[in-house]
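Q: Attaching a single structure in structure tokens format; questions to follow.
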Amino acid sequence: MRRKQLVSLVVLIFLTWNILMYYFLVSKNPTKGIDESVSNKIKWLQNDIEKQIRDNEKLLEDLRQIQEDTVKKEKGNKLKTHGVKDTDPATHKIAVLMFSCDRTTVSRSLDSLLKIRPKGDRFPIVVSQDCGHKPTSDVIQTYVKKEKGLVTHIKHPNLTDINLPSPKKKFKGYYKIARHYKWALDQIFHKFNYTAVIIVEDDLEYSPDFFDYFSATYPILKADPTLWCVSAWNDNGKIGMVSDDPELLYRSDFFPGLGWMLEKHVWLELSPKWPDSFWDDWMRHPDQRKKRVCIRPEICRTSTFGKKGVSKGLFFDKHLKFIKLNEKPIDFTKKDLTYLIQENYDPTFHQTVYGTPLASVTDVIALRKKSLPALRVQYSTKEEFKSAAKTLKIMEDFKAGVPRVAYHGVVSFMRSGQRIYLAPPEGWKGYDTSWT
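Following my numbering, the numbering of the sequence shown begins with 32 at its first residue and continues without gaps.
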């Protein structure tokens, strides 16, 4: 960057000098005009200036290319030190698995996905349909024909009913979903033999940089054994509660879902013990998570329009419809994301959070310390967390003791343009699974 600035300064000085010379020569003949000798000198200066501009434009372009190549090389070297040999996102082939049932509006989700999918076959789409709903099947088939091999339609063969005792009958839909997930993911990794998959559902829409996000984070997922997923979702990602910076990415102990990437080796671990129902909460349990974490964005790369479903619209009107979908595309493939690797991330994270001034919930609500860019609100008990979360209007529930989006117990969000860290005392010892 300094070399670029230096070249620009030299060019500016050169142009200024030549312009002064031009006006000096013209001023020598204010009334009689410019004689032939002076005219020739001016033409020479003009040609020389134009040539110098062209040369310097090429030099600046060369410098920009050198800078990009240097960043790419440094990024590759950093990843290679963590055991990743292939660091070029353009070589990664990642399947997209879309779960569908009886929504003909699957077309809306497919249209949103196809609109932003890169050309080529790097992101083949597999639509797995349960329920045996023919109108939905017909809609999916139109995309299979139109996309010529880049969209595949598979159908869950087991449509039998699931017999449950009376108290559990109301949860039958969740049992069917878990059964479908198990079958479809086995197809992706065993039949189609993909090494990674992005899992989506038929009621999602996607940000313009959805694929860049997953392309760029895939090498990080492969590099860091403490990671087990990348998610496009922020549970507290409502309008007014996120920064305007679409580049911000985080590590999270909470499994978010709603557009997430999984590697084959993790599925081979999970598949044999896959649960009968509520698969997402099952994944959040310590026995499955094993202290592994996910990458998640500040601003969501997916949003949902599925008000009606198995959950009967739970949280949609009060929460989900207010989630902000990123509209400012970021080419993450040109960013150095190695800061997300645990050994790079944790020291900076802890220094940032616990270097932030303490404040009470009342201070935050009353904007008493509005001049500060960030504040830390401390909690020590489950009740203190839930009370603070409710007042600050973030998600207040726990899953296996982990608050939504938390990392090392810390929940980060925006309020009135100010960064807030809802955090346990320094020296946090881990999650308490009884907080649920």
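Glycine is no exception: its CB is placed at the ideal position from the N, C-alpha and C atoms.
By the DSSP assignment, the alpha helix (DSSP H) with residue 313 in it spans what residues?
A: For the purposes of this step, residue 313 is identified with residue 282 of the sequence shown, where counting begins at 1. First-last of the alpha helix (DSSP H) with residue 313: 310-314.
Q: For residue 438 and residue 154, I'd like the C-alpha separation in whole angstroms.
A: Here the question's residue 438 lines up with position 407 in the sequence shown. Here the question's residue 154 lines up with position 123 in the sequence shown. Using only the alpha carbons, I get a separation of about 30 Å.
Q: From the DSSP output, in three-state form, read off residue 333 for me.
A: Your numbering for residue 333 matches position 302 in the sequence shown. Note: residue 333 maps to strand in three-state DSSP.
Q: Mark residue 319 as exposed unless 16 or more other C-beta atoms lie within 10 angstroms of its C-beta, in which case mark it buried.
A: Position 288 of the sequence shown holds residue 319. Label assigned to residue 319: buried.
Q: Going residue by residue through the stretch 216-258, where are the continuous alpha helix (DSSP H) segments of at least 4 residues, counting only ones entirely within it?
A: Segments of the alpha helix (DSSP H) lying fully in the stretch 216-258: 241-254.
Q: Among 212, 284 and 267, which one has its Cα closest to the Cα of residue 301?
A: By 1-based counting over the sequence shown, the position of residue 301 is 270. It is 212 whose Cα lies nearest to the Cα of residue 301.
Q: Are there 16 or more other CB atoms within 10 angstroms of the CB of residue 397, so buried, or fewer, so exposed?
A: Reading the sequence shown from its first residue, position 366 is the one you call residue 397. Residue 397 is exposed by the Cβ-count criterion.
Q: Do you know offhand how far residue 387's Cα is from residue 406's?
A: Along the sequence shown, read from residue 1 onward, the residue named residue 387 stands at position 356. Along the sequence shown, read from residue 1 onward, the residue named residue 406 stands at position 375. Cα to Cα, residue 387 sits roughly 6 Å from residue 406.
Q: The beta strand (DSSP E) with residue 159 in it runs from where to where?
A: Against the sequence shown, residue 159 aligns to sequence position 128. Residues 156-160.
Q: Please list, in chain order, all residues of the same chain as residue 129 whose beta carbon is under 8 Å from its beta carbon, the five residues on each side excluded.
A: Residue numbering aside, residue 129 sits at position 98 when the sequence shown is read from its first letter. Closer than 8 Å at the Cβ level, and outside the excluded window around residue 129, lie 137, 140, 141, 144, 156, 157, 158, 159, 231, 232 and 233.
Q: How far does the alpha helix (DSSP H) with residue 146 in it reach, from first residue to last?
A: Position 115 of the sequence shown holds residue 146. Residues 137-147.
Q: Whole angstroms is fine: what's the gap from residue 356's alpha carbon to residue 272's?
A: Position 325 of the sequence shown, counted from the start, is the residue given in the question as residue 356. Position 241 of the sequence shown, counted from the start, is the residue given in the question as residue 272. The straight-line gap from Cα to Cα measures roughly 12 Å.
Q: For residue 434, does the count of other Cβ atoms within 10 angstroms reach 16, so buried, or fall short, so exposed?
A: Indexing the sequence shown from 1 puts residue 434 at position 403. It is buried - the Cβ of residue 434 has at least 16 other Cβ atoms within 10 Å.
Q: Taking the alpha-carbon of residue 275 as reference, which of 411, 385, 359 and 402 has the nearest alpha-carbon?
A: What you label residue 275 is simply residue 244 of the sequence shown in a count that begins at 1. Minimum Cα distance to residue 275 is reached at 359.
Q: Under the assumption that residue 395 contacts residue 267 (Cβ atoms under 8 Å), give the Cβ distance between them as a whole number of angstroms.
A: The sequence position of residue 395 within the sequence shown is 364, counting from 1. The sequence position of residue 267 within the sequence shown is 236, counting from 1. Not really, about 15 Å apart at Cβ, beyond 8 Å.
Q: Assign residue 278 to one of two classes, buried (16 or more other C-beta atoms within 10 Å of its C-beta) or exposed (fewer than that).
A: Residue 278 sits at position 247 when you count from the first residue of the sequence shown. Answer is exposed; the Cβ neighbour count stays below 16.
Q: Could you tell me the alpha carbon to alpha carbon distance between residue 33 and residue 218, rounded to whole angstroms?
A: Position 2 of the sequence shown, counting from 1, holds the residue named residue 33. Position 187 of the sequence shown, counting from 1, holds the residue named residue 218. Confidence at residue 33 is low in this model, with a pLDDT of 47, below 50, so the placement of that residue should be treated as unreliable; the coordinate-derived value is given next. Cα to Cα, the separation comes out at about 52 Å.
Q: Comparing C-alpha positions only, which one of 181, 306, 270 and 241 sits nearest to residue 446?
A: For the purposes of this step, residue 446 is identified with residue 415 of the sequence shown, where counting begins at 1. It is 270 whose Cα lies nearest to the Cα of residue 446.
Q: Just to confirm before moving on: does the CB-CB distance between residue 262 and residue 288 stay below 8 Å?
A: The count along the sequence shown starts at 1 and reaches residue 262 at position 231. The count along the sequence shown starts at 1 and reaches residue 288 at position 257. Contact flag set, yes.
Q: Here's the rule: buried if 16 or more other CB atoms are within 10 angstroms of the residue's CB, otherwise exposed. What is residue 191?
A: In the sequence shown, counting from the first residue as 1, residue 191 sits at position 160. When all chains shown are included, residue 191 counts as exposed.
Q: In this structure, how does DSSP classify residue 419 when only helix, strand and coil are distinguished?
A: Working through the sequence shown from its first residue, we reach residue 419 at position 388. Three-state DSSP puts residue 419 in a helix.
Q: By the 10 Å Cβ neighbour count, where 16 or more other Cβ atoms means buried, how is residue 464 classified, buried or exposed?
A: On the sequence shown, position 433 is the one that residue 464 refers to. The residue is exposed, with fewer than 16 neighbouring Cβ atoms inside 10 Å.
Q: Check whether the Cβ atoms of residue 235 and residue 325 sit closer than 8 Å, and answer yes or no.
A: Mapped onto the sequence shown, residue 235 falls at position 204. Mapped onto the sequence shown, residue 325 falls at position 294. Contact flag unset, no.
Q: Within 10 angstroms of the Cβ of residue 180, are there 16 or more other Cβ atoms? Answer buried if so, exposed if not.
A: Locating residue 180 in the sequence shown gives position 149, where the first residue counts as 1. So residue 180 counts as exposed.
Q: Can you give the Cα-Cα distance for residue 404 and residue 452, rounded to whole angstroms?
A: For the purposes of this step, residue 404 is identified with residue 373 of the sequence shown, where counting begins at 1. For the purposes of this step, residue 452 is identified with residue 421 of the sequence shown, where counting begins at 1. Residue 404 and residue 452: Cα-Cα distance of roughly 11 Å.
Q: Please report the residue range of the beta strand (DSSP E) in which residue 282 lies.
A: If you number the sequence shown from 1, residue 282 lands on position 251. Looking at the DSSP string, the run of the beta strand (DSSP E) that includes residue 282 is 280-283.
Q: Could you tell me the distance, in whole angstroms, from the CA atom of residue 124 to the CA atom of residue 313?
A: To locate residue 124, count along the sequence shown from 1; it is residue 93. To locate residue 313, count along the sequence shown from 1; it is residue 282. The alpha-carbon atoms of residue 124 and residue 313 are separated by roughly 28 Å.
Q: Can you give me the C-alpha to C-alpha distance between residue 292 and residue 229, rounded to a whole angstrom?
A: Taking the first residue of the sequence shown as 1, we reach residue 292 at position 261. Taking the first residue of the sequence shown as 1, we reach residue 229 at position 198. Near 4 Å, if we compare the C-alpha coordinates of residue 229 and residue 292.
Q: How far does the alpha helix (DSSP H) with residue 374 in it reach, from first residue to last?
A: Sequence index remark: in the sequence shown, residue 374 carries index 343 (1-based). Where residue 374 is concerned, the enclosing alpha helix (DSSP H) stretches over 373-385.
Q: Shortest alpha-carbon distance to residue 335 belongs to which of 243, 165, 347 and 328?
A: On the sequence shown, position 304 is the one that residue 335 refers to. The shortest Cα separation from residue 335 among 243, 165, 347 and 328 belongs to 347.
Q: If we ignore side chains and look at the alpha-carbon of each, how far apart do residue 185 and residue 421 end up?
A: On the sequence shown, residue 185 is found 154 positions in, with the first residue counted as 1. On the sequence shown, residue 421 is found 390 positions in, with the first residue counted as 1. Rounded to whole angstroms, residue 185 to residue 421 spans 43 Å at the Cα level.
Q: Would you call the CB atoms of residue 290 and residue 310 closer than 8 Å?
A: Start at 1 with the first residue of the sequence shown, and residue 290 comes out as number 259. Start at 1 with the first residue of the sequence shown, and residue 310 comes out as number 279. Not in contact: residue 290 and residue 310 (Cβ atoms no closer than 8 Å).
Q: Is residue 315 closer than 8 Å to residue 241 when the C-beta atoms are compared?
A: In the sequence shown, the residue the question calls residue 241 occupies position 210. In the sequence shown, the residue the question calls residue 315 occupies position 284. Not in contact: residue 241 and residue 315 (Cβ atoms no closer than 8 Å).
Q: Can the beta-carbon of residue 363 be found less than 8 Å from the beta-carbon of residue 237?
A: Residue numbering aside, residue 363 sits at position 332 when the sequence shown is read from its first letter. Residue numbering aside, residue 237 sits at position 206 when the sequence shown is read from its first letter. Their beta carbons are not under 8 Å apart, which means residue 363 does not touch residue 237 by this criterion.
Q: Since residue 206 contacts residue 307 with CB under 8 Å, what's their CB separation in whole angstroms?
A: Mapped onto the sequence shown, residue 206 falls at position 175. Mapped onto the sequence shown, residue 307 falls at position 276. The pair is a contact, with the Cβ atoms about 6 Å apart (cut-off 8 Å).
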